[in-house]
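Below: one structure, written as structure tokens.
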Amino acid sequence: MHCDLTRNVWVNQRFSYLHDKMTMRCLQRMHERVEPTYCRQSSFDMSPCNLETGKREIIHTTYTMEHCHCRRQERRILRPCGCHLPNSRLLPSGNSLNKAVGPAETKMNCDAEKGVLIARNISWTWNDEADRCVATREVTVQPVGRF
Numbered sequence: 008m009h010c011d012l013t014r015n016v017w018v019n020q021r022f023s024y025l026h027d028k029m030t031m032r033c034l035q036r037m038h039e040r041v042e043p044t045y046c047r048q049s050s051f052d053m054s055p056c057n058l059e060t061g062k063r064e065i066i067h068t069t070y071t072m073e074h075c076h077c078r079r080q081e082r083r084i085l086r087p088c089g090c091h092l093p094n095s096r097l098l099p100s101g102n103s104l105n106k107a108v109g110p111a112e113t114k115m116n117c118d119a120e121k122g123v124l125i126a127r128n129i130s131w132t133w134n135d136e137a138d139r140c141v142a143t144r145e146v147t148v149q150p151v152g153r154f
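Residue numbers in the sequence shown follow our numbering, run continuously in steps of one, and reach 154 at the last position.
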């Protein structure tokens, strides 16, 4: 078996011999079996977000054909992740990454007719599957005393 580089296939050649009664000679016959070679498709694998560093690793794996063999190559890329604070709200250390949970926004409304205080809280949480920060909404209602 040998590799045919022009066609990127494995070639298996078998020879047989037939006797020619007219010429009284042996004639060589060649039988060729061809096996094509294929490489896997490229793939992307992502690690979970490291919330301490604010980065996740992406591994891009490709396969290229070389002499009828698939050669695997990996390329590693670091990509930012996590929920970031706006520039105006930097943490004291100067780090804008707020770990897994981003800045929370709270809006308070007082319903005088029902005598309740309504707090709407929106926080941001990193979601690895969605590859982005996702809003989490929570509503709390507290009764307030009348004066």
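Think of the CB as a built atom: it goes at the ideal place given N, C-alpha and C, for glycine as much as any other residue.
Is it true that the stretch 113 to 121 meets the stretch 31 to 47, where meeting means three or more beta-carbon pairs spaced less than 8 Å apart?
The stretch 113 to 121 vs the stretch 31 to 47: no contact.
The beta strand (DSSP E) with Asn19 in it runs from where to where?
Val16 to Asp27
Can a CB atom of chain D be found closer than 8 Å to the CB of Asn134?
You won't find chain D in this structure, because it holds only one protein chain.
With burial defined as no fewer than 16 other Cβ atoms inside 10 Å of the residue's Cβ, what is the status of Gly61: buried or exposed?
Per the 10 Å Cβ criterion, buried.
Considering only DSSP beta bridges, list what Ala126 is partnered with.
Met115 and Thr147
When we look at the beta-carbon of Arg36 and count the other beta-carbons within 10 Å, is it buried (16 or more) or exposed?
By the Cβ neighbour-count rule, Arg36 is exposed, with fewer than 16 other Cβ atoms within 10 Å of its own.
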